[in-house]
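Each remark here refers to the structure printed beneath this line.
2 protein chains.
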Amino acid sequence: MKENTGKSKYVMLGMLARMPQTGYTIKKWIENEYSHFWQESFGQIYPTLKKLVAEGLAVTSNHTQNGNGRGQIVYTITDAGRKELSDWLKEEPEIEKIRYELLLKVSFGENTEPEVLLGHLDNFIRRNDKLVKEMNGYIELCGQFKEQDIDCSYSQLTALCGAYIYSAMRDWAVEAKRIIKEKEDDK
Amino acid sequence: MKENTGKSKYVMLGMLARMPQTGYTIKKWIENEYSHFWQESFGQIYPTLKKLVAEGLAVTSNHTQNGNGRGQIVYTITDAGRKELSDWLKEEPEIEKIRYELLLKVSFGENTEPEVLLGHLDNFIRRNDKLVKEMNGYIELCGQFKEQDIDCSYSQLTALCGAYIYSAMRDWAVEAKRIIKEKEDDK
DNA sequence: ATCATAATATATCATAATGATATGTACTGT
DNA sequence: ACAGTACATATCATTATGATATATTATGAT
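Chains D and X are the protein sequences, given in the same order. Under the UniProt record's numbering, the letters of the first sequence match residues 1 to 187, in that order. Under the UniProt record's numbering, the letters of the second sequence match residues 1 to 187, in that order.
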């Protein structure tokens, strides 16, 4: 089997479905609001955007030199693009594959001192704690918008998922520290 | 900056630190016990193993044709390899980057019917439920080994992390379903 | 006023990682 | 006898990342 552009194509379509924008703003948007479950690099974004145009899924309205930077290319989704996006949304999502370097290091723990792992876990707890707070802040913000009849329910749902994951990771790390310390005391 | 072979190198070293083995058994091991936080493909494993030998971090003891398949190459870690692994374990783990296709689809939810999302969430709940059970089974197994003085504490810790994550994901999905339905009823 | 640097914006490339496919032997069940 | 699976290595096209190059404008510091 072939015919698989990867998911980047659909991410671009999803972004353009919200509003016409440039590759740069798509990148910023993903960095700011998607980073806990998705990321895209410029090396994917720009070629994918060009492919979208070649396939008739988006069109460009070239706003050369409107003040910002060195001239921007604004992409707008077409009806065919919306159809393509909608079709993809119906497909069963692939099973996610994750790479947690911390877990890898924990699993190789016998090859280092427990203090090394405890240090990594401390940093991990701090980071996840901060992320939980960020997510909760974002969820609250969405709630406020909702009162003003601005709907961001789906963004709120993904933020809620972030809050769940980061909490779980923090709780696990706290428990992991306890178990490692207990094991040390036994010796 | 350059000089970054990626993490595969250290995964191979960590695997070989346990026992001398072939690329194939490394792959199987990662699939069976690491899949919830790491994965490697043959396209990475075999070339990386060769690099390890070139760098003096592993040696091969060529057991050509000992009965299994078409002849195997057994890799054994060297002292230099153990040093390299130990040094890497001390380094601060990189921030993980994750791609949850389901979350992406939820965040683009406005472009499809709520039923589509609810269906995806149902499958997601089922899958995560199964995984939680798998993890708990594995944790229990480790506990039994411990009574026989076989230490698999670190594997147990990573399985515990899996249990935490998968539970969190399941709980989130249940809550997400509730929120989406509630929103539908409001209309 | 000048100067550094941050932000906006596009583009490309080497490296890394995946997924698929090819090749081949040996064991297991029907 | 034959199909299917497990063992085992290898390669390649596609996909993704991270770094770097280029260029303009806005902003803050001296």
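Just so you know, even glycine gets a beta-carbon here, dropped at the ideal spot from N, CA and C.
The count of Cβ pairs closer than 8 Å, one atom from the region 71-88 of chain X and one from the region 4-21 of chain X, reaches three, so the stretches are in contact. Contact between the region 89-98 of chain X and the region 151-161 of chain D is absent: fewer than three C-beta pairs spanning the two stretches fall below 8 Å.
Residue contact with chain D for residue 47 of chain X: absent (no Cβ-Cβ distance below 7 Å to any residue of chain D).
Just so you know, the alpha carbons of residue 36 of chain D and residue 162 of chain D end up roughly 6 Å apart. Under the three-state reduction of DSSP output, residue 41 of chain D falls in the coil class, being neither helix nor strand. Shown here, residue 76 of chain X sits in a strand according to DSSP, grouped into three states. Taken in chain order, the members of the region 119-139 of chain D whose beta-carbon sits within less than 7 Å of a beta-carbon on chain X are 120 and 123. Just measuring C-alpha positions, the residue of D:168, D:105 and D:156 sitting nearest residue 87 of chain X is D:105. Residue 132 of chain X and residue 119 of chain X have their alpha carbons spaced roughly 20 Å apart. Residues of chain X whose Cβ lies closer than 7 Å to the Cβ of residue 97 of chain D are, in chain order, 39. Taking the Cβ atoms as the reference, residue 102 of chain D lies roughly 35 Å from residue 17 of chain D, outside the contact range of under 8 Å.
Contacts with chain D (Cβ-Cβ distance below 7 Å) from the region 7-25 of chain X involve 7, 11, 14 and 17, listed in chain order. Contact check for residue 28 of chain X and residue 42 of chain X: beta-carbon distance about 11 Å, past the 8 Å limit, so the pair fails to qualify. Legend: CB atoms of the region 172-183 of chain X lying less than 8 Å from CB atoms of chain D belong to residues 172, 175, 176, 179, 180 and 183. When secondary structure is reduced to three states using DSSP, residue 60 of chain D falls in the strand class. Rounded to whole angstroms, the separation of the alpha carbons of residue 179 of chain X and residue 167 of chain D is 20 Å.
DSSP places residue 120 of chain X in the uninterrupted alpha helix (DSSP H) bounded by 114-147. Nearest Cα to residue 128 of chain X within the set X:58, X:54, X:169 and X:181: X:169. A direct Cα-Cα distance of roughly 10 Å separates residue 110 of chain D from residue 155 of chain X. Scanning chain D for C-beta atoms nearer than 8 Å to the C-beta of residue 111 of chain X yields 14, 17, 82, 85, 86 and 89, reported in chain order. With its beta carbon less than 7 Å from one in chain D, residue 101 of chain X belongs to the interface.
Under the 7 Å criterion on CB atoms, residue 154 of chain X is classed as interfacial with respect to chain D. By the C-beta density criterion, residue 173 of chain X is buried, having at least 16 other C-beta atoms within 10 angstroms.
Residue 19 of chain X sits exposed, since fewer than 16 C-beta atoms from the chains shown fall within 10 Å of its C-beta.
Not a single C-beta of chain D is nearer than 7 Å to the C-beta of residue 73 of chain X.
The beta-carbon separation of residue 177 of chain D and residue 121 of chain D, rounded to 5 Å, stays under the 8 Å limit for a contact. Relative to the Cα of residue 46 of chain D, the nearest Cα in the group D:24, D:34 and D:55 belongs to D:24. Leaving aside the five residues that flank residue 145 of chain D on each side, the residues in its chain whose CB is nearer than 6 Å to its CB run, in chain order, 152. The beta-carbon distance between residue 117 of chain D and residue 116 of chain X, rounded to whole angstroms, is 42 Å. This is too long to meet the 8 Å contact definition.
Within the same chain, and ignoring the five residues on either side of residue 135 of chain D in sequence, the residues whose Cβ sits closer than 8 Å to its Cβ are 36, 159, 160, 162, 163 and 166.
The beta carbon of residue 50 of chain X does not come within 7 Å of any beta carbon belonging to chain D, so the residue lies off that interface. Chain-ordered, the chain D residues with CB closer than 8 Å to the CB of residue 94 of chain X read 101. The Cβ of residue 116 of chain X sits closer than 7 Å to at least one Cβ of chain D. Neighbours of residue 157 of chain X across chain D, judged by C-beta separation under 7 Å: 106, 176 and 179.
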